[in-house]
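In my numbering, the protein residues as written are 0 to 291.
Heads up, the beta-carbon is just placed ideally off N, CA and C, and yes, glycines get one too.
Because the structure is a prediction, the values reported are computed rather than measured.
Notes follow the structure.
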Ligand SMILES: [Zn+2]
């Protein structure tokens with residue numbers, strides 16, 4: 000199902016998982032009981048009665064006149080993720096669902112990674128004969144060098160209890176060894192109308208991906224914004240942010256830049272509506288879903 004169109008570009012959403020994944024006041028440590036209650040009242044099913052955040056884990060399939068591109072690759076199958084039972088050694092129908100969307104793995108020309116957290120790189124690789132190998136044999140994987148270097152250094156320190164270090168080992172290094180990784184500047188332009196922009200904070204090298212075509216603009220925001228609750232309360236940073244102060248600054252700047260601009264915002268974890276416009280709401284913001 001087409002989520003958005005930008006001239007000759009079309010975007011589909013490929014969902015791997017969608018469920019109430021995290022406890023709101025753990026995920027956003029600064030969230031007060033009043034803010035949670037307000038969020039529950041205003042955001043309906045996006046926060047459960049029990050106070051959990053409904054989260055989607057999806058990729059975007061981006062078709063351009065030249066290329067078939069996958070943006071972020073979710074959690075992946077057969078990956079050990081100790082301490083996270085909902086994500087540990089999971090088996091989903093991601094590849095079959097990709098085929099149902101009309102795309103075989105060998106048809107992917109590029110995988111673009113907004114950042115290298117475990118829930119964004121999982122399907123970079125898959126398990127074959129006991130080894131993780133690139134899932135998309137003909138793809139180049141576009142990764143910001145700043146982001147790669149940060150996790151490479153973390154990996155070198157050897158903290159194997161860190162989920163992101165584990166995923167660097169099983170979902171990023173095999174891509175590098177297969178010479179399918181392309182490390183780029185964080186303002187890299189892949190083709191006309193498709194350009195990275197640095198947005199550090201959640202991770203040091205996180206990039207958002209700007210798309211422009213047919214007079215329309217859009218932004219794949221990765222994890223610069225996790226949940227609609229952060230539009231209501233822009234000061235709420237996620238516990239997984241490398242730098243919770245910097246992420247607040249870059250997140251608010253992103254919201255300010257795109258509020259009432261008509262740009263179609265496409266975050267990595269928003270359930271439907273996954274594509275929408277940022278609207279002003281007093282000192283804060285709201286999200287208004289759009290159709291293609
Ligand atoms: Zn994420």
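(Q) Using C-beta distances below 6 Å, list every residue in its chain close to residue 10, excluding the 5 sequence neighbours before and after it, in chain order. (A) Taking the first residue of the chain shown as 1, we reach residue 10 at position 11. Excluding sequence neighbours, residue 10 sits near 2, 3, 59, 61.
**Q.** Given 8 Å, three or more beta-carbon pairs between the stretch 10-25 and the stretch 94-103
**A.** Touching, yes.
Q) Under a three-way DSSP split, which group does residue 103 fall into? A) The sequence position of residue 103 within the chain shown is 104, counting from 1. Coil.
Q | residue 123 (DSSP reduced to helix, strand or coil) | A | Residue 123 sits at position 124 when you count from the first residue of the chain shown. Helix.
Q: Return yes when at least one heavy atom of ligand 1 lies under 7 Å from the C-beta of residue 222, else no.
A: Numbered from its first residue, the chain shown carries residue 222 at position 223. Yes; taking the cut-off as 7 Å, the Cβ of residue 222 has a heavy atom of ligand 1 nearer than that.
Q: Might you give, ordered along the chain, the residues of its own chain that have their beta carbon closer than 6 Å to the beta carbon of residue 86, omitting 5 neighbours on each side?
A: Residue mapping note: residue 86 aligns to position 87 of the chain shown, counting from 1. Same-chain partners within the cutoff: 74, 80.
(Q) Is residue 163 close to ligand 1? I mean its beta-carbon at under 7 Å from any heavy atom of the ligand. (A) If you number the chain shown from 1, residue 163 lands on position 164. Distances from the CB of residue 163 to the heavy atoms of ligand 1 are all 7 Å or more.
Q: Taking all protein chains shown into account, decide if residue 78 is buried (16 or more other Cβ within 10 angstroms of its Cβ) or exposed.
A: In the chain shown, the residue the question calls residue 78 occupies position 79. Buried, because 16 or more other Cβ atoms sit within 10 Å of the Cβ of residue 78.
Q: Evaluate contact between the stretch 17-37 and the stretch 153-162, counting only Cβ atoms and requiring at least three cross-stretch pairs below 8 Å.
A: With the cut-off at 8 Å, the stretch 17-37 and the stretch 153-162 do not touch.
Q.
Given 7 Å as the limit, tell me if residue 48 has its C-beta closer than that to any heavy atom belonging to ligand 1.
A. On the chain shown, position 49 is the one that residue 48 refers to. Within the chosen limit of 7 Å, ligand 1 does not reach the beta carbon of residue 48 with any heavy atom.
Q: On the DSSP bridge assignment, give the partners of residue 283 in chain order.
A: The residue given as residue 283 occupies position 284 in the chain shown. Per DSSP, 280.
Q: Go ahead and label residue 240 buried or exposed: buried means 16 or more other beta carbons lie within 10 angstroms of its beta carbon, across all protein chains shown.
A: Translated into positions along the chain shown, residue 240 becomes position 241. Buried, since its Cβ has 16 or more Cβ neighbours within 10 Å.
Q.
Measuring only the C-alpha atoms, how far is residue 261 from residue 6?
A. Along the chain shown, one-based indexing puts residue 261 at 262. Along the chain shown, one-based indexing puts residue 6 at 7. Approximately 15 Å, taken between the alpha carbons.
(Q) Using C-beta distances below 6 Å, list every residue in its chain close to residue 298, excluding the 5 sequence neighbours before and after it, in chain order. (A) This structure does not reach residue 298, given that the chain is present from 0 up to 291, and the question cannot be answered.
**Q.** Residues that DSSP places opposite residue 92 in a beta bridge
**A.** In the chain shown, counting from the first residue as 1, residue 92 sits at position 93. According to DSSP, which records beta bridges pairwise, residue 92 is partnered with nothing at all.
Q) residue 88: which of 57, 125, 107 sits nearest, CA to CA? A) For this step, residue 88 is matched to residue 89 along the chain shown. Among 57, 125, 107, the Cα nearest to that of residue 88 is on 125.
Q.
Assuming residue 152 is part of the alpha helix (DSSP H), what are its boundary residues?
A. As a working note, residue 152 is residue 153 in the chain shown. Run containing residue 152: 144-156, per the alpha helix (DSSP H) assignment.
Q) Start and end of the beta strand (DSSP E) containing residue 59? A) Working through the chain shown from its first residue, we reach residue 59 at position 60. Unbroken beta strand (DSSP E) run through residue 59: 51-62.
Q | Which listed residue (129, 196, 213, 210) has its alpha carbon closest to that of residue 252 | A | The count along the chain shown starts at 1 and reaches residue 252 at position 253. With distances taken between Cα atoms, residue 252 lies closest to 196.
Q. Can the beta-carbon of residue 207 be found closer than 8 Å to that of residue 113?
A. Taking the chain shown and counting its residues from 1, one reaches residue 207 at position 208. Taking the chain shown and counting its residues from 1, one reaches residue 113 at position 114. Yes; because the gap between Cβ atoms is below 8 Å, this pair is in contact.
Q | Member of 41, 36, 25 whose CA lies at the smallest distance from the CA of residue 286 | A | Counted from its first residue, the chain shown places residue 286 at position 287. Scanning 41, 36, 25 for the CA closest to the CA of residue 286 turns up 41.
Q. Does ligand 1 have a heavy atom nearer than 7 Å to the CB of residue 119?
A. As a position in the chain shown, residue 119 is number 120, starting the count at 1. Indeed, a heavy atom of ligand 1 lies less than 7 Å from the Cβ.
Q: Whole angstroms is fine: what's the gap from residue 57's alpha carbon to residue 267's?
A: Position 58 of the chain shown, counted from the start, is the residue given in the question as residue 57. Position 268 of the chain shown, counted from the start, is the residue given in the question as residue 267. If I take the Cα positions, the gap works out to 6 Å.
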